[in-house]
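Have a look at the structure below before the remarks.
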Amino acid sequence: MRFRNLVVTTAIAALLAGCTNETLDSVNLSSVKNKTEYQLSGKMVSKMSELGMQKTSPILLRIFKEEGTLEVWKANASSRFQLLKSYKICAWSGKLGPKVKEGDRQAPEGFYPLYPHQMNPNSNYYLAINTGFPNAYDKANGRYGTHLMIHGACSSSGCYSMTDEQIIEIFALARDAFKGGQEFVQLQAFPYRMTAENMARHRDNPNIEFWKMLKVGYDQFEVTKRPPQVNVCEKKYVFNQQTDGSFNPAGQCPAMSTPPALQMAMTNFAKDYQRDYDKALKKYDGMVWYEPSEAERKAIVAEQRKGRELAYAPTGTSLDAGKLMKVSDLEKRLADQKAVEEAKQAALIQKEALEKATRDGKSVPVPQENPIERPVQQAALQAAPARKSFWNLFSPGEAEAPAAPTANAAPAEPSAAQPTAQQPAAAQPQPATDQKQAAAPTEPNPQVATAPVAGGETAPAEQPPKKRPFWKIWGN
Numbered sequence: 001m002r003f004r005n006l007v008v009t010t011a012i013a014a015l016l017a018g019c020t021n022e023t024l025d026s027v028n029l030s031s032v033k034n035k036t037e038y039q040l041s042g043k044m045v046s047k048m049s050e051l052g053m054q055k056t057s058p059i060l061l062r063i064f065k066e067e068g069t070l071e072v073w074k075a076n077a078s079s080r081f082q083l084l085k086s087y088k089i090c091a092w093s094g095k096l097g098p099k100v101k102e103g104d105r106q107a108p109e110g111f112y113p114l115y116p117h118q119m120n121p122n123s124n125y126y127l128a129i130n131t132g133f134p135n136a137y138d139k140a141n142g143r144y145g146t147h148l149m150i151h152g153a154c155s156s157s158g159c160y161s162m163t164d165e166q167i168i169e170i171f172a173l174a175r176d177a178f179k180g181g182q183e184f185v186q187l188q189a190f191p192y193r194m195t196a197e198n199m200a201r202h203r204d205n206p207n208i209e210f211w212k213m214l215k216v217g218y219d220q221f222e223v224t225k226r227p228p229q230v231n232v233c234e235k236k237y238v239f240n241q242q243t244d245g246s247f248n249p250a251g252q253c254p255a256m257s258t259p260p261a262l263q264m265a266m267t268n269f270a271k272d273y274q275r276d277y278d279k280a281l282k283k284y285d286g287m288v289w290y291e292p293s294e295a296e297r298k299a300i301v302a303e304q305r306k307g308r309e310l311a312y313a314p315t316g317t318s319l320d321a322g323k324l325m326k327v328s329d330l331e332k333r334l335a336d337q338k339a340v341e342e343a344k345q346a347a348l349i350q351k352e353a354l355e356k357a358t359r360d361g362k363s364v365p366v367p368q369e370n371p372i373e374r375p376v377q378q379a380a381l382q383a384a385p386a387r388k389s390f391w392n393l394f395s396p397g398e399a400e401a402p403a404a405p406t407a408n409a410a411p412a413e414p415s416a417a418q419p420t421a422q423q424p425a426a427a428q429p430q431p432a433t434d435q436k437q438a439a440a441p442t443e444p445n446p447q448v449a450t451a452p453v454a455g456g457e458t459a460p461a462e463q464p465p466k467k468r469p470f471w472k473i474w475g476n
């Protein structure tokens with residue numbers, strides 16, 4: 001029994017040891033009375049103390065889209081920043097690359113100052129921090145958009161969305177840093193960790209020149225472990241530049257220089273980087289990276305949505321959903337995707353045209369088996385003579401068609417169905433009769449028919465010969 005208890009205890013200890021700091025520090029939101037005044041856990045404060053950080057010392061945020069990571073860095077006693085905690089981003093929309101315009105679903109990339117007034121405690125997404133997009137660089141390059149946030153709720157349409165448990169900690173870390181006197185928190189948003197290998201893997205991406213510009217600031221932070229001083233001139237980012245002039249985002253850059261110590265450190269860093277980059281190029285020769293869509297990223301984490309609200313929409317990482325492939329295979333894949341998109345667009349155009357025709361009151365033509373209009377068919381049926389049955393061919397009571405009128409023939413006596421000279425045909429009522437009767441003309445009565453003679457008198461008309469019964473046909 002003692003041995004069994006020892007095994008169970010050891011297993012539990014091993015399980016706890018394998019948990020991440022984020023799991024151990026997970027916030028119990030049900031116990032939070034005021035989300036804006038939430039106090040960091042004792043474990044978080046202890047870790048700060050171990051790293052030589054004050055609770056109110058400055059922080060810095062770094063985001064890596066491809067890895068799906070948000071990092072919180074905090075200044076230590078020597079004012080150098082160290083990684084305090086790394087969070088898994090729950091959702092970010094779009095693909096790698098900067099935000100350009102409203103509605104493109106892209107999350108921003110670049111350097112953004114976060115001021116206290118950008119903290120939103122009343123967000124519909126639990127808590128939020130506005131990124132400040134568009135910044136000076138974005139505006140100079142004609143990029144625009146609104147309400148680009150780091151927020152909770154795990155749902156994104158151009159934002160970086162965390163879980164509520166994550167954002168309450170990030171919000172508290174920024175709040176405490178502002179209380180300590182930090183003017184603004186620098187947000188560095190990158191497409192990926194800008195290592196030599198990653199830069200080589202993405203060398204064919206249309207955004208590569210923009211990313212090379214961001215990499216200068218990325219590298220300087222990697223070397224100094226201090227947030228770079230960011231300015232914009234000639235529609236470009238510049239970092240840690242000394243000048244006696246002023247920076248105009250859309251204007252010409254003033255005369256500027258890099259501090260000598262930084263210049264020397266960056267020169268050595270660049271040599272090592274170039275060596276690693278050349279090595280990576282050989283590794284990826286003939287290969288290219290397929291950048292997955294947002295839908296493809298969501299597909300790999302679809303199980304996480306089960307049992308949750310529809311608004312909860314986590315997205316997987318690009319590393320998990322993307323693929324390294326041959327150039328020829330990628331070209332074929334992109335061609336297939338283009339064909340599918342064109343087919344969808346054509347179907348959409350047809351649908352819109354159909355809806356417009358319906359709104360305008362136009363009838364939509366429907367193919368028929370018989371091209372003859374139905375009224376024409378009915379008229380043709382009525383005009384056709386009625387067919388006699390076999391037995392009626394020999395029936396003495398069957399009405400026959402009248403003979404052609406002669407000069408001495410008298411007109412038939414008018415009936416209710418025939419117009420007179422005083423009553424036009426158009427005014428006559430048309431009683432409903434059997435179709436066979438309506439098709440056959442009225443036969444004149446041989447007993448009352450008369451023929452006109454001179455003087456206005458009438459004389460009996462010539463009587464037609466009587467029909468012989470069929471049994472007398474073979475008689476004498």
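Sequential numbering from 1 applies to the sequence shown in this note's numbering. Cβ coordinates follow ideal geometry from the N, Cα and C atoms, glycine included.
Can you find the residues in the same chain that come closer than 6 Å, C-beta to C-beta, to V223, ignoring five residues on each side of it along the sequence? Looking up residue 223 in the sequence shown gives position 223. Within the same chain, V223 has close Cβ partners A265, F269.
Proximity winner among N207, T146, Y137, R226, relative to N130 (alpha-carbon distances): Here the question's residue 130 lines up with position 130 in the sequence shown. Answer by Cα proximity: T146.
Could you compute how far the alpha carbon of L330 sits from the alpha carbon of E291? The residue labelled residue 330 in the question sits at position 330 within the sequence shown. The residue labelled residue 291 in the question sits at position 291 within the sequence shown. If you take the alpha carbons of L330 and E291, they lie about 10 Å apart.
Any contact between the region 87-97 and the region 134-142? By contact I mean 3 or more CB pairs, one from each, below 8 Å. no
CB of A153 within 8 Å of CB of Y125, strictly: Here residue 153 is taken as the residue at index 153 of the sequence shown, counted from 1. Here residue 125 is taken as the residue at index 125 of the sequence shown, counted from 1. Against a cut-off of 8 Å, the Cβ pair of Y125 and A153 comes out as a contact.
Would you decide whether V340 is buried or exposed? Buried here means 16 or more other CB atoms lie within 10 Å of its CB. Translated into the one-based positions of the sequence shown, residue 340 becomes position 340. Classification of V340: exposed, given that the 10 Å Cβ count is below 16.
Classify E209 as buried or exposed, calling it buried when 16 or more other Cβ atoms lie within 10 Å of its own Cβ. Here residue 209 refers to the residue found at position 209 when the sequence shown is read from its first residue. Classification for E209: exposed.
Where does V45 sit, in a helix, a strand or coil, going by DSSP? Here residue 45 refers to the residue found at position 45 when the sequence shown is read from its first residue. V45: helix per DSSP, three-state reduction.
On the premise that L60 lies in contact with P260, defined as a C-beta separation below 8 Å, what is that separation, rounded to the nearest angstrom? Counting from one through the sequence shown, the residue named residue 260 turns up at place 260. Counting from one through the sequence shown, the residue named residue 60 turns up at place 60. With 8 Å as the limit, P260 and L60 do not qualify as a contact, their Cβ atoms being about 25 Å apart.
Under three-state DSSP, which class holds L281? Working through the sequence shown from its first residue, we reach residue 281 at position 281. If DSSP states are grouped into helix, strand and coil, L281 belongs with the helices.
Would you report the Cα separation of L40 and R175, rounded to the nearest angstrom? Taking the sequence shown and counting its residues from 1, one reaches residue 40 at position 40. Taking the sequence shown and counting its residues from 1, one reaches residue 175 at position 175. If you take the alpha carbons of L40 and R175, they lie about 11 Å apart.
Closest Cα partner of L84 within the set K99, Y115, V45, P206: Within the sequence shown, the letter at position 84 stands for residue 84. Among K99, Y115, V45, P206, the Cα nearest to that of L84 is on V45.
Nearest-angstrom Cα distance between F221 and D164? Counting from one through the sequence shown, the residue named residue 221 turns up at place 221. Counting from one through the sequence shown, the residue named residue 164 turns up at place 164. Distance between the alpha carbons of F221 and D164 is about 29 Å.
According to DSSP, G110 sits in a beta bridge with which residue or residues? Mapped onto the sequence shown, residue 110 falls at position 110. G110 is bridged to A189.
Given a cut-off of 8 Å on the beta-carbon distance, is the pair K560 and G286 in contact? This structure leaves residue 560 out entirely; the chain is present only between 1 and 476.
Measure the alpha-carbon distance for F111 versus G245 and round it to whole angstroms. By one-based count along the sequence shown, residue 111 stands at place 111. By one-based count along the sequence shown, residue 245 stands at place 245. Going from the Cα of F111 to the Cα of G245 covers about 22 Å.
Are the CB atoms of N231 and Q242 nearer to each other than 8 Å? By one-based count along the sequence shown, residue 231 stands at place 231. By one-based count along the sequence shown, residue 242 stands at place 242. No; because the gap between Cβ atoms is not below 8 Å, this pair is not in contact.
Opposing strand residues paired with V288 [DSSP bridges]: Counting from one through the sequence shown, the residue named residue 288 turns up at place 288. For V288, which the question treats as bridged, DSSP gives the partners M325.
Proximity to Q274 [Cα-Cα], best of Q229, T317, N198: The sequence position of residue 274 within the sequence shown is 274, counting from 1. Checking every option, the nearest Cα to that of Q274 belongs to N198.
Report all residues from its chain with a CB closer than 7 Å to the CB of Q447; omit the five preceding and five following residues, and keep chain order. Translated into positions along the sequence shown, residue 447 becomes position 447. Confidence is the limiting factor: at Q447 the pLDDT is only 45, short of 50, which leaves the residue's position unreliable, though a coordinate-based value still follows. The answer is none, since no qualifying residue turns up.
Confirm, please, whether the CB-CB distance from V301 to G316 is below 8 Å. Against the sequence shown, residue 316 aligns to sequence position 316. Against the sequence shown, residue 301 aligns to sequence position 301. A contact, by the Cβ cut-off of 8 Å.
Tell me whether the beta-carbon of E71 lies closer than 8 Å to the beta-carbon of S86. By one-based count along the sequence shown, residue 71 stands at place 71. By one-based count along the sequence shown, residue 86 stands at place 86. Yes. Within cutoff.
Would you check whether the ligand NAD has a heavy atom nearer than 7 Å to the C-beta of G94? Within the structure as shown, the ligand NAD is missing, as the structure has no ligands at all.
So, at 7 Å on beta carbons, what are the nonlocal neighbours of F133 in its own chain, with the 5 sequence-adjacent residues on each side left out? Position 133 of the sequence shown, counted from the first residue, corresponds to residue 133. Closer than 7 Å at Cβ, skipping near neighbours: K99, P108, Y112, G145, L148.
In chain order, what residues of the same chain lie with their CB nearer than 6 Å to the CB of N21, ignoring the 5 residues before and after it? Here residue 21 refers to the residue found at position 21 when the sequence shown is read from its first residue. With a pLDDT of only 43 at N21, under the threshold of 50, the placement of this residue in the model should not be trusted; the figure read from the coordinates follows. Counting only Cβ-Cβ distances below 6 Å, and skipping sequence neighbours, we find nothing.
Taking the alpha carbon of P58 as the reference point, which residue from F184, P121, S161, H151 has its own alpha carbon closest? By 1-based counting over the sequence shown, the position of residue 58 is 58. Taking only the C-alpha atoms, the option nearest P58 is F184.
Could you give the distance in angstroms between the alpha-carbon of K279 and the alpha-carbon of K338? Position 279 of the sequence shown holds residue 279. Position 338 of the sequence shown holds residue 338. If I take the Cα positions, the gap works out to 34 Å.
Going by DSSP, what residue range makes up the beta strand (DSSP E) through A136? Along the sequence shown, read from residue 1 onward, the residue named residue 136 stands at position 136. Run containing A136: none in the beta strand (DSSP E); it sits in the alpha helix (DSSP H), 136-140.
Could you tell me how far apart the beta carbons of A136 and P254 are, in whole angstroms, since I believe they sit closer than 8 Å? Counted from its first residue, the sequence shown places residue 136 at position 136. Counted from its first residue, the sequence shown places residue 254 at position 254. Rounded, the Cβ-Cβ distance is 15 Å, inconsistent with contact.
Nearest-angstrom Cβ-Cβ length linking L114 and K35, presumed shorter than 8 Å: Position 114 of the sequence shown, counting from 1, holds the residue named residue 114. Position 35 of the sequence shown, counting from 1, holds the residue named residue 35. Not a contact, Cβ separation roughly 18 Å.
May I ask which residues mark the beginning and end of the alpha helix (DSSP H) holding F64? One-based indexing of the sequence shown puts residue 64 at position 64. First-last for F64: 59-64, but that is the beta strand (DSSP E), not the alpha helix (DSSP H).
Inter-residue Cα distance where the pair is G103 and A299: Within the sequence shown, the letter at position 103 stands for residue 103. Within the sequence shown, the letter at position 299 stands for residue 299. G103 and A299: Cα-Cα distance of roughly 22 Å.
Residues near F239 in its chain [Cβ-Cβ closer than 7 Å; skip 5 each side]: Here residue 239 is taken as the residue at index 239 of the sequence shown, counted from 1. Here the set comprises V216, G217, Q220, P228, Q229, V230.
Mind checking whether S318 and R305 have CB atoms under 8 Å apart? What you label residue 318 is simply residue 318 of the sequence shown in a count that begins at 1. What you label residue 305 is simply residue 305 of the sequence shown in a count that begins at 1. Cβ distance not < 8 Å, so S318 and R305 don't count as in contact.
Any beta-carbon of chain B closer than 8 Å to the one on G68? Structure shown: chain B not included; a single protein chain is present.
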